[in-house]
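As structure tokens, the structure follows; a few thoughts come after it.
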Amino acid sequence: MLDECTEKAPDIRKIIHVDMDAFFAAVEQRDHAELRGQPVIVGGDPTGRGVVATCSYEARSFGIHSAMTASRARLLCPQAIFVRPRMAAYREASQDVMGILHSYTRLVEPLSLDEAFLDVTAATADGTLAIQIAKEIRARIEQETGLTASAGVSYNKSLAKLASDWRKPNGLVVIPPKRGLAFLAPLHVSKLHGVGPATVARLSKMGIHTVLDLRNTSQETLARQFGKAGLWFYEVARGIDLRPVQPHRERKSVGYERTFEENLRDRTIMMASLQEMAAQVSRRLHELGLAGRTVSIKVRFRDFQTVTRSHTAPQPIWRCEDISACLPELLARAVPTGLSGYPSVRLLGVTVSSFAATEVNCSDTGQLSLLDEVIYDQPGQTS
Ligand code: TTP
Ligand code: MG
Ligand code: MG
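Throughout the sequence shown, residue numbering follows my numbering, covering 1 to 383 in sequence.
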């Protein structure tokens, strides 16, 4: 994250973030006229242990949202219509959208099936306004795919993404440079890229809740508490985000890792934490439409000695239960029970790699657009 941040980039860039509205549910409503105007829930079995992948905006007014159990969603809205996901249809719609985006610039970075960043700085060199491009993109997506998208326009990725989310669904928000700091100030820190739940908890203990609170904290304090991530928080709170839009990167793995405020000694807690991370990794793989054959765990001990252990499955996997099934053996190999004294673990991580190259087609070349991705949830430099 920080390495990217220090890369040279033009002072004022024009970045657009496009995100489809209620994506899976909108595809279902487009393809099945009887679902239009109805509370539609795409996900697992409401009579079993399924979860909500997404739901239509009609369903959201009942308080239903992604990742909620399907059974709870049914309690909240008994008349909701439950639909099983049709990933092939969503991939096809995604390809159509990405194709439209690529007609404006080759600098398109897909983040998942339903969203991407575009750097349109060059396309605005002739005086065309970025907002004009965003308007045209939204109109073309609606006309050519029958689906609606929200868009955000700003001078960096963080603000463009926050902007696209601001007036969902079917919204367009522009945050010009002179509005950036004021827009950020009242937001909760959890809205910032790279700030996970453990970081939120730690910031909260320091009395830092909003981005303005973060901006009023010294660089030294943030660096001391959060290491490299603290320097990123310092910059992003000031509307500084020089991460370039990166097209055509090859994604090789998806992982989640966490540094604990207090070292873990209890294997049951280690296992529970690994299971939580497996759920996060599974969700991200699902969003990206990816599956991989290798599951790895990373364990860092109190003395910073770090071990990784991997298991390669015969088939590509992405489901939480399939990833979880590998974890007990991997933990037993990484932290043998015969260790003298108690193990003392400061960091755990779960990663899935060795992707099946044909899983997703996101770019106009028909080639998979992938990159290594680790989500850090790091409370700081505790021992
Ligand atoms: P999102 O863009 O997060 O959500 P959305 O498009 O359904 O709704 P909106 O953007 O209008 O708020 O995710 C895109 C798709 O990814 C979503 O339609 C279904 C899938 N998804 C899951 O399967 N599980 C999840 O937990 C989330 C958040 C999304
Ligand atoms: Mg969306
Ligand atoms: Mg999205």
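Even glycine gets a Cβ: it sits at the ideal position worked out from N, Cα and C. This structure is a prediction, so every number in the text was calculated from the model and none was measured.
- In the pairwise beta carbon analysis, the stretch 154 to 174 is classified as not touching the stretch 42 to 50: fewer than three pairs are separated by under 8 Å.
- Where T199 is concerned, there is no enclosing beta strand (DSSP E), although the alpha helix (DSSP H) around it starts and stops at P197 to K205.
- At the C-beta level, V350 and L274 come within 8 Å of one another.
- With 16 or more other Cβ atoms from the protein chains shown falling within 10 Å of its own Cβ, G152 counts as buried.
- When R302, F301 and I297 are compared, the shortest CA-CA separation from T308 is found for I297.
- Two segments are said to touch when three or more pairs of C-beta atoms, one from each, lie closer than 8 Å; by this definition the stretch 104 to 123 touches the stretch 11 to 25.
- In this structure, the straight-line span from the alpha carbon of E109 to that of I131 is close to 19 Å.
- Annotation for L113: no beta strand (DSSP E) segment contains it, and DSSP assigns it neither H nor E.
- A contact between stretches requires three or more CB pairs, one per stretch, nearer than 8 Å, and the stretch 119 to 137 meets this requirement with the stretch 92 to 111.
- When the Cα atoms are used, I133 and R243 turn out to be separated by approximately 21 Å.
- Here I100 is buried. Its C-beta has 16 or more other C-beta atoms within 10 Å.
- Any heavy atom of ligand 2 within less than 5 Å of a residue's beta carbon puts that residue on the list, which reads D19, M20, F23 and D114.
- Relative to ligand 1, even the nearest heavy atom lies 7 Å or more away from the CB of T268.
- L147 counts as buried, since no fewer than 16 other beta carbons sit within 10 angstroms of its beta carbon.
- Under DSSP, F82 shares a beta bridge with I41.
- Residue range G292 to F301 is occupied by the beta strand (DSSP E) that includes F301.
- Excluding its 5 nearest sequence neighbours in each direction, A313 has C-beta neighbours in its own chain below 6 Å: R293, listed in chain order.
- DSSP places M68 outside any alpha helix (DSSP H), giving it a letter other than H or E.
- Between S66 and V40 the beta-carbon gap is near 13 Å, outside 8 Å, which marks them as no contact.
- Contact annotation, G239 with L159: C-beta distance approximately 7 Å; criterion of less than 8 Å satisfied.
- Residue state for R179 is assigned as helix, using DSSP reduced to three classes.
- Straight-line spacing of the CA atoms in L347 and D303 works out to 11 Å.
- The beta carbon of V200 is closer than 7 Å to those of V189 and S190 in its chain, skipping five residues each way along the sequence.
- With a minimum length of 4 residues, the unbroken runs of alpha helix (DSSP H) contained wholly in the stretch 129 to 171 fall at 130 to 145 and 157 to 166.
- Distance check between Q143 and each of A70, A223, R13 and D96 places D96 closest, using alpha-carbon atoms only.
- In the DSSP assignment, T221 falls within the alpha helix (DSSP H) that extends over Q219 to F226.
- Around the beta carbon of D266, fewer than 16 other beta carbons lie within 10 angstroms, which makes this residue exposed.
- Assignment of L264 by DSSP, reduced to helix, strand and coil, places it in the strand class.
- Inclusion of R300 and E261 in the CB contact set at 8 Å is not warranted, their separation being larger than that value.
- In this structure, DSSP gives P314 an extended state, which the three-state scheme calls strand.
- Of all alpha-carbon atoms in A139, V83 and S154, the one lying nearest the alpha-carbon of L118 is that of S154.
- Take G230, set aside five residues on each side of it, and the residues of its chain with a beta-carbon closer than 6 Å to its own are L222 and A223, in chain order.
- For H17, there is no enclosing alpha helix (DSSP H); the residue is found in the beta strand (DSSP E) stretching over I15 to M20.
- Inclusion of S112 in the 7 Å shell around ligand 3 follows from its C-beta lying nearer than that to a non-hydrogen atom of the ligand.
- Between R74 and A80, the CB-CB gap stays under 8 Å.
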